[in-house]
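Engineer: One structure is given below, represented as structure tokens, and several questions about it will come after.
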Amino acid sequence: MESFALLLDGIWQATAPPLLLATLIGVVIGLIVGVLPGIGPAAGTAIMLPVAVGFGGTAAIAGLAGIYYGAMFGGAVTSILLGIPGDAPSVMTVIDGHALARQGQAGRALGMSVYASFIGGAIGIVLLAALSVPVAQAALAFGPTEMTALICFALSLVTVLGGRNVVKGFAALLVGMWIGMIGLDPIGGPTRFTFGLAELFDGVDFTVVAVGLYGLSEMFVSLSERTTGAPAEYRFRSLLPNLRDLVECRSVLLWSSLTSFFVGVVPGVGATASTMVAYAAAKKYSRNPDEFGRGAIKGVAAPEAANNSASYAAMIPLFALGIPASGTTAVLLGGLLMVGLQPGPLMFATNPDFVWTVFGTFWIGNVMLVALTVLMIPFLAAIVFVPTAILYPAIIGIVTFGVYSINYSMSDVTIAAAAGAIGYIMLKLDYSPVPLVLGLVLGPLLERGVRRTLIVSNGDLSIFVRQPIALAFFLLTAAALVVPLVARRRATAPAPRADTASHLS
Amino acid sequence: MTAARTIDRVFAAGLLLLGAYIVRSAIAYGYMRDAVPGPGFFPFWIGLGLAALSAVNLVRSVRGHERLDARFDRPTFLKTLAITAIVLAFVVASQWVGMLVAIGAAIPAIGFVIRRQYTTRFAVTMAALAVGFPLLAYLLFGVYLRVPLVRGPFGF
């Protein structure tokens with residue numbers, strides 16, 4: 124109950140005008156970002172990170188988080204109207220949402236997406252308030268050895284996050300870890316991999332690389348993708364959800380929000396996987412599973428509730444453990460570090476006002492989004508039709524000024540441009556940028572953890588397996604690495620020949 | 115052999131060389147110091163892992179086991195290179211003419227790279243962006259966020 128009292132206090136604090144303004148700016152930008160095909164929440168937060176940090180402290184994180192869950196709301200708009208997912212978690216919404224739009228029921232689908240997003244978000248925030256403190260308290264038992272093991276586990280989830288090609292995913296992870304090592308050695312050593320450039324002595328800023336990899340490269344890739352389909356017609360009144368749909372979908376909304384929260388809380392799995400799980404469950408337990416794929420309203424409700432619930436779940440590993448669960452939360456981690464806060468178990472003890480006020484802004488933002496989405500849908504839909512030749516130059520302009528503003532350095536703009544071009548090639552070649560960003564953020568923490576632990580133990584490696592929590596995480600890491608390989612081998616194993624099968628039976 | 119496959123091999127070979135370079139540098143930094151890990155300890159394993167994984171990727175690509183769905187279409191590839199070049203030109207030009215003037219030139223240049231078809235309406239839109247964006251950037255970054263923008267000989 125104490126958590127809910129703290130959440131209520133946080134909501135009250137979040138009504139302060141500067142925080143309301145930051146949240147409003149965040150959710151509006153998030154909605155716009157979510158609508159833009161190819162530019163998802165990770166790109167949106169990365170692009171706006173330098174600007175949002177200028178708000179300072181709680182307002183900065185409120186604005187960035189607003190972009191995150193605003194993009195989750197906005198992603199549904201193009202999915203339904205145009206059949207183009209604004210971001211990866213919106214992919215499942217396309218299936219039935221666009222089918223409904225083609226049947227002239229775009230408003231019904233859009234209304235359900237807004238309602239489902241709100242329900243998913245509301246349930247996600249309640250669970251976030253209830254579970255983040257116990258998780259953080261449990262995490263207080265973590266020493267450097269346990270944290271090292273936990274980071275290893277998080278990095279092992281590249282098997283899930285690394286895209287179709289796991290080997291390339293791990294290669295990208297190692298490149299990210301190497302970029303994280305550029306600059307001064309964290310434990311009093313020499314400068315490393317600076318190529319004699321003084322600009323690199325302080326290392327490569329995470330934000331600069333993330334802006335290039337997410338913001339610029341995804342724009343480059345989308346230059347080759349043609350927008351298909353015409354906008355479906357809808358009336359403003361029809362954007363309000365159909366009451367019968369709400370009653371019909373109540374169990375799907377509840378079930379999807381709850382299950383997706385627990386899927387989303389696992390670092391590395393994220394919102395995209397949760398939408399797939401929710402959609403599959405909704406179809407499996409539906410009385411009319413054949414409707415799915417042809418315009419089932421539950422096919423819109425399940426993934427939309429799921430991706431919003433999971434977006435709040437992703438805040439638990441970020442705030443309680445200091446581990447980003449996705450590319451977007453990795454950017455948020457960068458934001459927290461830039462405003463001078465070290466997320467982790469101690470954050471709830473040392474900065475409770477900050478944490479609960481930020482959680483309060485989530486609630487306010489969720490309510491704002493319902494009103495804003497309904498009001499802004501005509502405007503949001505219109506953005507999709509702004510030609511890329513006008514839209515992208517303006518975005519690139521914001522990116523260059525934003526990146527320069529981080530360290531007042533033109534070298535950072537050069538690095539971001541290079542990261543954009545390399546990121547374009549990586550995306551084309553199936554090297555997911557997510558592991559690279561995770562490696563860049565977590566690599567330096569892992570190095571510090573490993574080296575400090577080994578300094579304490581005088582180089583004795585057995586210290587890593589003497590601590591039960593650390594051992595458990597190392598076993599989980601091994602499982603995360605081995606299980607997908609075994610599953611893949613089984614999936615690709617040749618089927619038994621018919622004569623052999625009949626002989627065996 | 116498709117362009118994607120060639121670029122995939124070149125990229126994997128490049129990462130293999132990068133891994134070898136990291137290992138070589140790590141040894142120079144010092145793998146161990148007084149029985150505890152030195153500055154080269156972590157880079158050594160990172161470089162070794164990168165070289166090994168890149169070798170696997172290279173072999174898979176050469177043997178044709180790598181399935182690439184994406185295509186490197188020439189126009190998009192050239193547009194990517196051109197936009198990157200314009201951003202780099204903006205970096206250089208900013209030192210001479212200031213950031214606001216440089217971005218005022220870069221934005222329409224990027225617009226014309228993406229569109230590559232001249233119409234009066236588009237040219238007018240680009241001209242408006244060329245003037246409007248620097249003004250907004252000045253107000254947001256220069257005035258509101260108090261970022262010390264690089265100025266040119268015109269004082270802005």
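Going down the list, the sequences are from chains A and B.
Taking my numbering, I'd label the letters of the first sequence as residues 124 to 628.
Taking my numbering, I'd label the letters of the second sequence as residues 115 to 270.
Cβ atoms here follow ideal geometry from the backbone N, Cα and C, with glycine treated the same way.
Taking Met533(A) as the query, report the chain B residues whose CB atoms sit under 8 Å from its CB, ordered along the chain.
Structural biologist: Those within 8 Å of Met533(A) in chain B are Val205, Ser208, Gln209, Val264.
Engineer: Just the chain D side, please: which residues come within less than 7 Å of Leu192(B) by C-beta, in chain order?
Structural biologist: Within the model displayed, chain D is absent; protein chains A and B are what it includes.
Engineer: Under 7 Å, do Thr600(A) and Pro164(A) count as touching if we go by C-beta distance?
Structural biologist: Not a contact, by the Cβ cut-off of 7 Å.
Engineer: Along the alpha helix (DSSP H) that carries Ile629(A), what are the first and last residues, could you check?
Structural biologist: Residue 629(A) lies beyond the range of chain A shown here (124 to 628); nothing can be said about it.
Engineer: Which whole-angstrom value is the C-beta distance of Gly133(B) and Ile141(B), which I expect to be below 8 Å?
Structural biologist: Wrong, their Cβ atoms sit about 13 Å apart, outside the cutoff.
Engineer: Is it right to say Asn411(A) is buried, meaning 16 or more other beta carbons lie within 10 angstroms of its own, or is it exposed?
Structural biologist: Burial call: exposed.
Engineer: Under 7 Å between C-beta atoms, does Thr290(B) make it to chain A?
Structural biologist: With chain B represented from 115 up to 270, any question about residue 290(B) goes unanswered, as that position is not in the structure.
Engineer: Does the distance from the CB of Gly149(A) to the CB of Ile190(A) come in under 7 Å?
Structural biologist: It is a contact, given that the beta carbons lie within the stated cut-off.
Engineer: So is Ala128(A) buried or exposed if we call it buried at 16+ other beta carbons inside 10 Å?
Structural biologist: That one is exposed.
Engineer: For Lys407(A), is the classification buried or exposed, using 16 other Cβ atoms within 10 angstroms of its Cβ as the cut-off for buried?
Structural biologist: The residue in question, Lys407(A), is exposed, as its Cβ has fewer than 16 Cβ neighbours within 10 Å.
Engineer: Using the Cα positions of Pro248(B) and Gly218(B), report the straight-line distance between them to the nearest angstrom.
Structural biologist: Using only the alpha carbons, I get a separation of about 6 Å.
Engineer: At a CB-CB cut-off below 8 Å, which residues of chain A make contact with Phe186(B)?
Structural biologist: The contacting residues are Lys551.
Engineer: In the DSSP assignment, what are the bridge partners of Leu307(A)?
Structural biologist: Leu307(A) pairs with Thr314(A).
Engineer: Using a Cβ-Cβ cutoff of less than 8 Å, which residues in the same chain neighbour Thr330(A) once the five nearest sequence positions on both sides are dropped?
Structural biologist: Result list for Thr330(A): Ala169, Leu172, Pro173, Val454, Gly457, Met461, Val526, Ile529, in chain order.
Engineer: Any C-beta of chain A sitting closer than 7 Å to the C-beta of Phe270(B)?
Structural biologist: No, Phe270(B) lies away from the interface with chain A (no Cβ there is under 7 Å from its Cβ).
Engineer: When you compare the CB positions of Gln136(A) and Thr480(A), do they come within less than 7 Å of one another, or not?
Structural biologist: Their beta carbons are under 7 Å apart, which means Gln136(A) touches Thr480(A) by this criterion.
Engineer: Do you know how far the Cα of Leu584(A) is from the Cα of Leu594(A)?
Structural biologist: Looking at the two C-alpha atoms, the distance is approximately 12 Å.
Engineer: For chain B, find out if any of its Cβ atoms is closer than 7 Å to the Cβ of Leu198(A); answer yes or no.
Structural biologist: It is Gly, not Leu, that sits at residue 198(A) in the sequence shown. Not one chain B Cβ lies under 7 Å of Gly198(A).
Engineer: Between Val137(B) and chain A, is any beta-carbon pair separated by less than 7 Å?
Structural biologist: No, its Cβ sits nowhere closer than 7 Å to a Cβ of chain A.
Engineer: Determine, for Leu202(B), whether the minimum Cβ-Cβ distance to residues of chain A falls below 7 Å.
Structural biologist: It does: the Cβ of Leu202(B) has a partner Cβ on chain A nearer than 7 Å.
Engineer: Closest by CA to Ile94(B), which one among Val124(B), Phe204(B), Arg229(B), Trp159(B)?
Structural biologist: For chain B, the structure presents residues 115 to 270; residue 94(B) sits outside this window and is missing.
Engineer: Please list, in chain order, all residues of the same chain as Ala203(B) whose beta carbon is under 6 Å from its beta carbon, the five residues on each side excluded.
Structural biologist: Here the set comprises nothing.
Engineer: Just curious, the alpha helix (DSSP H) that Gln136(A) is in, first and last residue?
Structural biologist: Counting along the chain, the alpha helix (DSSP H) containing Gln136(A) begins and ends at 125 to 136.
Engineer: Drop a sphere of 10 angstroms on the beta-carbon of Phe268(B), count the other beta-carbons inside from all chains shown, and report buried for 16 or more, exposed for fewer.
Structural biologist: So Phe268(B) counts as exposed.
Engineer: Rounded C-beta distance between Leu278(A) and Leu296(A)? I'm assuming under 8 Å.
Structural biologist: About 6 Å separates the two Cβ atoms, so the contact holds.
Engineer: Evaluate the contact criterion for the segment 265 to 272 of chain A versus the segment 573 to 593 of chain A: three or more CB pairs, one atom per stretch, below 8 Å.
Structural biologist: Counting Cβ pairs under 8 Å, three or more are found: they touch.
Engineer: Counting only beta-carbon atoms, is Thr198(B) nearer than 7 Å to chain A?
Structural biologist: By this cut-off, Thr198(B) is an interface position.
Engineer: Considering only residues of the same chain and omitting the five flanking positions on each side of Gly418(A), which have a CB-CB separation below 6 Å?
Structural biologist: Contacts found: Asp219, Ala222, Leu223, Gln226.
Engineer: Output the boundary residues of the alpha helix (DSSP H) element that contains His179(B).
Structural biologist: First-last for His179(B): undefined, no H or E at that position.
Engineer: Can you give, in chain order, each stretch of the alpha helix (DSSP H) that sits fully within the segment 137 to 193 of chain B and has at least 4 residues?
Structural biologist: Segments of the alpha helix (DSSP H) lying fully in the segment 137 to 193 of chain B: 155 to 176.
Engineer: Of all the CB atoms in chain B, is at least one closer than 7 Å to the CB of Ser528(A)?
Structural biologist: It does: the Cβ of Ser528(A) has a partner Cβ on chain B nearer than 7 Å.
Engineer: Counting Cβ pairs, one atom from each stretch, are 3 or more of them under 8 Å apart for the segment 226 to 233 of chain B and the segment 377 to 390 of chain A?
Structural biologist: The segment 226 to 233 of chain B, when compared against the segment 377 to 390 of chain A, does not touch it at the 8 Å Cβ threshold.
Engineer: Rounding to the nearest angstrom, what Cα-Cα distance links Ala139(A) and Phe178(A) in this structure?
Structural biologist: Their backbone Cα atoms lie some 14 Å apart in a straight line.
Engineer: Below 8 Å on the Cβ atoms is my contact criterion, and I expect Val423(A) with Ala232(A) to pass it. Report the Cβ-Cβ distance as a whole number of Å.
Structural biologist: Correct: roughly 5 Å between the Cβ atoms.
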